[in-house]
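S.K.: Encoded as structure tokens, here's the structure I'll be asking about.
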Amino acid sequence: MRLHFALDFDGTICPVDTTDLLLERFADPAWEDVEAEWQAGRITSRACLARQVDLLRATPEQIAATVRELPLDPAFIPFVTHAWLRGAGVSIVSDGFDQSIVPLLHANGIDLPLSCNRLIHLGADRWAAGFSADGALCGSGTCKCAVVPKDRQVVLVGDGRSDFCLARRADYVLAKGRLADFCREEGIPHQRISNFADALPFIAAQGQFTRSPAPVLNTRHLESLHA
Ligand SMILES: [Mg+2]
Ligand SMILES: [Zn+2]
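This note's numbering puts the first residue of the sequence shown at 201, with every later residue one more than the last.
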């Protein structure tokens with residue numbers, strides 16, 4: 201079965217959390233109270249994002265100018281290139297927003313399949329959050345487990361709370377930060393990484409094992425994924 205890499209965006213592909221950056225720069229400070237409610241588990245990610253976007257006051261030009269200059273992980277493009285050369289699929293799965301992700305990808309000449317939330321322009325500096333129908337499954341804006349291919353072995357690369365739902369279902373996780381702690385606590389097969397450079401050897405290891413199915417992936421997770 202082919203391998204598919206599902207890549208988180210904020211904090212993973214882009215070391216900066218673009219949603220937080222836009223809120224810090226342009227939203228009413230009450231956005232942080234909403235954030236605290238979400239961090240404490242009192243509201244869903246979807247409810248949190250909807251309320252925070254309602255507090256945002258920025259023109260489309262201000263948003264584009266803010267995100268366009270942000271760095272991407274230097275090994276992100278080499279990682280995608282190596283994955284493609286090995287025949288793996290790659291997509292971006294994000295609980296962030298199209299208006300911050302797409303300009304940054306295009307500024308770097310990158311075009312990848314993308315599942316994320318939408319920022320709907322209401323005119324002037326006002327916005328509403330738009331979500332996919334699937335997200336309601338787990339309270340995310342974009343439920344990452346609902347948007348990954350069902351007929352592939354899925355390797356998640358991510359860093360945070362928005363990755364928890366897919367981490368439970370993925371075949372393997374390359375995990376930064378809080379996501380690595382979560383995987384350890386939950387007994388999820390994973391490797392702790394600091395950046396995409398740390399993830400490159402994983403792709404090389406897959407190449408050595410192409411003749412035997414899924415040697416580094418956990419079969420318990422495979423069975424539950426395809427049950
Ligand atoms: Mg993230
Ligand atoms: Zn989910």
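Cβ atoms here follow ideal geometry from the backbone N, Cα and C, with glycine treated the same way. Just so you know, these numbers come straight off a predicted model, no measurement behind them.
Following the continuous beta strand (DSSP E) through G296, name the residue where it begins and the one where it ends.
M.R.: As a first step, residue 296 is located in the sequence shown; it is residue number 96 there, counting from the start. Where G296 is concerned, the enclosing beta strand (DSSP E) stretches over G289 to F297.
S.K.: Is L203 buried or exposed, if buried means 16 or more other CB atoms sit within 10 Å of its CB?
M.R.: For the purposes of this step, residue 203 is taken as the residue at position 3 of the sequence shown. Looking at its Cβ environment, which holds 16 or more other Cβ atoms inside 10 Å, L203 is buried.
S.K.: Suppose you measure from the CA of D351 to the CA of I213; what does that come to, to the nearest Å?
M.R.: Looking up residue 351 in the sequence shown gives position 151. Looking up residue 213 in the sequence shown gives position 13. Approximately 24 Å between the Cα atoms of the pair.
S.K.: Which of the three DSSP states is assigned to I263 in this structure?
M.R.: Translated into the one-based positions of the sequence shown, residue 263 becomes position 63. Helix.
S.K.: Taking 6 Å as the cut-off, is the CB of C345 close to at least one heavy atom of ligand 2?
M.R.: Position 145 of the sequence shown holds residue 345. Checking every heavy atom of ligand 2 against the Cβ of C345, one is found closer than 6 Å.
S.K.: By how many angstroms is the C-alpha of A370 removed from the C-alpha of L222?
M.R.: Within the sequence shown, residue 222 is the residue found at index 22, counting from 1. Within the sequence shown, residue 370 is the residue found at index 170, counting from 1. Straight-line Cα distance between these residues: approximately 30 Å.
S.K.: Closest to P349 by C-alpha separation, out of D254, L272 and V290, would be which residue?
M.R.: Within the sequence shown, the letter at position 149 stands for residue 349. Nearest C-alpha to P349: V290.
S.K.: Residues around ligand 1, please: the ones whose beta-carbon is closer than 7 Å to some heavy atom of it, in chain order.
M.R.: Cβ atoms closer than 7 Å to ligand 1 belong to D208, F209, D210, G211, T212, D217, G358, D359, G360, S362 and D363.
S.K.: Let me make sure I understand the geometry here. Which of F402, E232, F382 and D311 has the alpha-carbon closest to that of S362?
M.R.: As a first step, residue 362 is located in the sequence shown; it is residue number 162 there, counting from the start. Ranking F402, E232, F382 and D311 by Cα distance to S362 puts F382 first.
S.K.: What is the residue span of the beta strand (DSSP E) that I320 lies within?
M.R.: Against the sequence shown, residue 320 aligns to sequence position 120. Unbroken beta strand (DSSP E) run through I320: L314 to G323.
S.K.: Alpha carbon to alpha carbon, what distance is there between V355 and V373?
M.R.: In the sequence shown, counting from the first residue as 1, residue 373 sits at position 173. In the sequence shown, counting from the first residue as 1, residue 355 sits at position 155. Near 6 Å, if we compare the C-alpha coordinates of V355 and V373.
S.K.: Note down the Cα distance separating A283 from F205, rounded to an integer number of angstroms.
M.R.: Counting from 1 along the sequence shown, the entry for residue 283 is found at position 83. Counting from 1 along the sequence shown, the entry for residue 205 is found at position 5. The alpha-carbon atoms of A283 and F205 are separated by roughly 8 Å.
S.K.: From this set, V293, G309 and D311, which residue's C-alpha is nearest R318's C-alpha?
M.R.: Locating residue 318 in the sequence shown gives position 118, where the first residue counts as 1. The option with the nearest alpha carbon to R318 is V293.
S.K.: Cβ of C338 versus every heavy atom of ligand 2: is any distance shorter than 6 Å?
M.R.: Along the sequence shown, one-based indexing puts residue 338 at 138. The answer is yes for C338.
S.K.: Starting from the C-beta of R368, find all residues in its chain whose C-beta is less than 8 Å away, skip the five residues before and the five after it, and write them out in chain order.
M.R.: Along the sequence shown, read from residue 1 onward, the residue named residue 368 stands at position 168. Counting only Cβ-Cβ distances below 8 Å, and skipping sequence neighbours, we find C345, E386 and I388.
S.K.: What distance in whole Å lies between the Cβ atoms of A307 and R268, which are believed to be in contact at a cut-off of 8 Å?
M.R.: Here the question's residue 268 lines up with position 68 in the sequence shown. Here the question's residue 307 lines up with position 107 in the sequence shown. Confirmed, Cβ separation roughly 5 Å.
S.K.: Name the one or two DSSP bridge partners that G341 has.
M.R.: The residue labelled residue 341 in the question sits at position 141 within the sequence shown. None, per the DSSP bridge assignment.
S.K.: Would you mind sorting A236 into buried or exposed? The rule is 16 or more other CB atoms within 10 Å of its CB.
M.R.: As a first step, residue 236 is located in the sequence shown; it is residue number 36 there, counting from the start. Answer is exposed; the Cβ neighbour count stays below 16.
S.K.: Under the DSSP definition of a beta bridge, which residues are partnered with F331?
M.R.: The residue you call residue 331 lines up with position 131 of the sequence shown. None; F331 has no bridge partner.
S.K.: Sort L285, R378 and G339 by Cα distance to V357 and report the nearest one.
M.R.: As a position in the sequence shown, residue 357 is number 157, starting the count at 1. The residue with the shortest Cα to Cα distance from V357 is R378.
S.K.: For Q299, which residues from the same chain have a beta carbon less than 6 Å from its beta carbon, with the 5 sequence-adjacent residues on both sides left out?
M.R.: Along the sequence shown, one-based indexing puts residue 299 at 99. Closer than 6 Å at Cβ, skipping near neighbours: I263 and L319.
S.K.: What three-state label does DSSP hand F279 in the structure shown?
M.R.: In the sequence shown, the residue the question calls residue 279 occupies position 79. Helix.
S.K.: Using the three-state DSSP reduction, which class does A405 fall into: helix, strand or coil?
M.R.: For the purposes of this step, residue 405 is taken as the residue at position 205 of the sequence shown. DSSP places A405 in helix when its eight states are reduced to three.
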